[in-house]
Structures are given as C-alpha cells and as structure tokens.
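Chains as they are written, first to last, in the numbering used here: chain A, 144 to 258; chain B, 349 to 462.
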C-alpha cells in the first residue's frame, strides 16, 4: 500500500521568502509518480508539478521546484519568492501506474504568506 | 472552456434523501474518478472508471452508486443520505496510459446534510 506523509499542518512565511513544504512517501513499487496540488480557499484543486520515479532531474515549473531525494523517499515542494496568492492548502500525492490509477494524498499543509 | 465540470456546486439536503452529482470532462480522457474530501481536508479515492468500466471501488457504502454512460461522463448517485456524507466531492479525469500526466479536477460539489 502507498502512503504519503506531510508533517507540517501549517506554515507561516514572509512574502518574497522561499518556502519548502515537506513530503515523504512509502511504496514498494519501483515505478511511481509524485504530484503536488494547490487548493486555495475557493476550493478548486490546481496541479502544480510532477516528478517521475525514474526522472534524474528535479522537476521545475516556474517558481515551483521539486526536491526529489529517492533514497530518502522524499519529494519536497519548494516555492521561490513567495507571493500573497500562494496562501493555500498544498497536497502531495502519489500514483502507482500500470493498473492502480488512483492518487493517494497526504493530509496537506496550510501555507499562509504574511505581507 | 471548462475541462472537468461538476454540477451542482452546492447541495444542501435533508438526511434520508437521495441526490445525484454530475460530472463531465471535455479533455478526451478515458479514466474518471470520484474523490471525497472530508472536513479535515483529507482527500480519498472513492471510485474510478476506465472507458465506462469500474476499476476502483474503495470500500464505499453501497448507498453510493457511480454511473458512467460514456467515457466523458461519470455521475454519482447517493441514496439515503447520512450526516457523515457531508463533504466536498471532487470529480477528476486523466488518460490512463499517460502516467506522467496529472489528474484534472473539477471545482468540487459541497454536500451538506441537515
């Protein structure tokens, strides 16, 4: 069974600072995908970034980057130069392909950006 | 253009009633999902359909019955609603063989049981 752990229930960060949101995962599969989603107060789920287990480079998407440490089974999200609009819930999720299509989510981190 | 659309956005109803939530995607995906987000914001898979065929049923009470008339639609019918069914229900879709592609979510349906 897959498991995702997000140990930071809430974080407060000053605007323009970088922030790291922690995510560790547990799976016995060699092939898997890791995803980060953002859920603002309006409620929708917004896809941010993806990392495949065989990807050698850390994924980047604009201000978002994923610090992937396979041996430690961690996939931390780094947001550079935080903005007020980054205030939201952030979820780490994992998908194991080849028949098991569901996303297994962590419990989320509520990020608040302070002006 | 809305990629995954769910209706209604809000649903307030009495305990014991039957209600349905509709979901449609225009992304051409072959797999659709229902997730439940509880009051603590925890998201959990309920069902998954691939090309109208049920592939995941995560020990959901049989009061919940998904129906997929075609691969672009996945509806959720709930019988005899209970207080514990109050949650946000998200529909999502993806292409099964594109393992590096994200699941695209609808905006959610907030179900409140009185």
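All C-beta atoms in this analysis are idealised placements derived from N, C-alpha and C, irrespective of residue type, glycine included. Being a predicted model, the structure only gives us computed values, none of them experimental.
Report the neighbours of residue i on chain B: residues whose CB is nearer than 7 Å to its CB, in chain order.
i, result
"residue 178 (chain A)", "450"
"residue 234 (chain A)", "391"
State the Cα-Cα distance for the pair residue i and residue j, rounded to the nearest angstrom.
i, j, result
"residue 169 (chain A)", "residue 178 (chain A)", "14 Å"
"residue 238 (chain A)", "residue 146 (chain A)", "10 Å"
"residue 419 (chain B)", "residue 449 (chain B)", "18 Å"
"residue 425 (chain B)", "residue 368 (chain B)", "4 Å"
"residue 372 (chain B)", "residue 395 (chain B)", "15 Å"
"residue 161 (chain A)", "residue 221 (chain A)", "7 Å"
"residue 187 (chain A)", "residue 214 (chain A)", "33 Å"
"residue 416 (chain B)", "residue 251 (chain A)", "30 Å"
"residue 180 (chain A)", "residue 191 (chain A)", "5 Å"
"residue 387 (chain B)", "residue 197 (chain A)", "35 Å"
"residue 433 (chain B)", "residue 206 (chain A)", "37 Å"
"residue 400 (chain B)", "residue 149 (chain A)", "34 Å"
"residue 182 (chain A)", "residue 151 (chain A)", "16 Å"
"residue 454 (chain B)", "residue 414 (chain B)", "16 Å"
"residue 144 (chain A)", "residue 390 (chain B)", "17 Å"
Could you check how far apart the C-beta atoms of residue i and residue j are, in whole angstroms? I think they sit under 8 Å.
i, j, result
"residue 351 (chain B)", "residue 452 (chain B)", "5 Å"
"residue 216 (chain A)", "residue 404 (chain B)", "Incorrect: roughly 24 Å between the Cβ atoms, too far for contact."
"residue 254 (chain A)", "residue 224 (chain A)", "At roughly 14 Å, the Cβ-Cβ gap does not stay under 8 Å, so residue 254 (chain A) and residue 224 (chain A) are not in contact."
"residue 435 (chain B)", "residue 384 (chain B)", "5 Å"
"residue 444 (chain B)", "residue 374 (chain B)", "The pair is not a contact, with the Cβ atoms about 17 Å apart (cut-off 8 Å)."
Among residues of its own chain, excluding the 5 on either side of residue i, which ones have a beta-carbon nearer than 7 Å to its beta-carbon?
i, result
"residue 431 (chain B)", "363 and 461"
"residue 218 (chain A)", "166, 168, 177, 194, 209, 211 and 235"
"residue 248 (chain A)", "147, 234 and 236"
Just to make sure I have the definition right: I need the residues of chain A whose C-beta is within less than 9 Å of the C-beta of residue i. Which are they?
i, result
"residue 419 (chain B)", "Chain A residues near residue 419 (chain B): none, gap ~14 Å exceeds 9 Å."
"residue 416 (chain B)", "In chain order: nothing, as chain A lies at least about 14 Å away."
"residue 381 (chain B)", "244, 245 and 246"
"residue 396 (chain B)", "244 and 245"
What does residue i pair with, by DSSP beta-bridge criteria?
i, result
"residue 238 (chain A)", "A:176 and A:246"
"residue 472 (chain B)", "Summary: the structure shown does not reach residue 472 (chain B), with chain B confined to residues 349 through 462, and so no result is reported for it."
"residue 444 (chain B)", "DSSP output for residue 444 (chain B) lists no bridge partner at all."
"residue 201 (chain A)", "In the DSSP output, where bridge partners are listed per residue, residue 201 (chain A) has none listed."
"residue 439 (chain B)", "B:382"
"residue 393 (chain B)", "B:383"
"residue 421 (chain B)", "B:372 and B:418"
"residue 146 (chain A)", "A:169"
"residue 367 (chain B)", "B:426"
Taking residue i as the query, report the chain A residues whose CB atoms sit under 7 Å from its CB, ordered along the chain.
i, result
"residue 444 (chain B)", "244"
"residue 412 (chain B)", "In chain order: nothing, as chain A lies at least about 16 Å away."
Please list the partners that residue i has in chain B, where partner means a Cβ-to-Cβ separation under 8 Å.
i, result
"residue 250 (chain A)", "388, 389 and 390"
Mind listing the chain A neighbours of residue i? Cutoff is C-beta to C-beta under 8 Å, in chain order.
i, result
"residue 436 (chain B)", "186"
"residue 456 (chain B)", "186, 187 and 188"
Beta-carbon within less than 8 Å of residue i's beta-carbon, same chain only, minus the 5 sequence neighbours each way: which residues are those?
i, result
"residue 201 (chain A)", "194, 208, 209, 210 and 211"
"residue 258 (chain A)", "158 and 227"
Going by beta carbon distance, what residues of the same chain come within less than 6 Å of residue i, once the five residues before and after it are set aside?
i, result
"residue 365 (chain B)", "429"
"residue 427 (chain B)", "366 and 411"
"residue 458 (chain B)", "358 and 436"
"residue 370 (chain B)", "355 and 423"
"residue 164 (chain A)", "220, 233 and 252"
List the residues of chain B whose Cβ lies closer than 9 Å to the Cβ of residue i, in chain order.
i, result
"residue 155 (chain A)", "Going along chain B, no residue has its Cβ under 9 Å from residue 155 (chain A), so there is no contact; the nearest lies around 18 Å."
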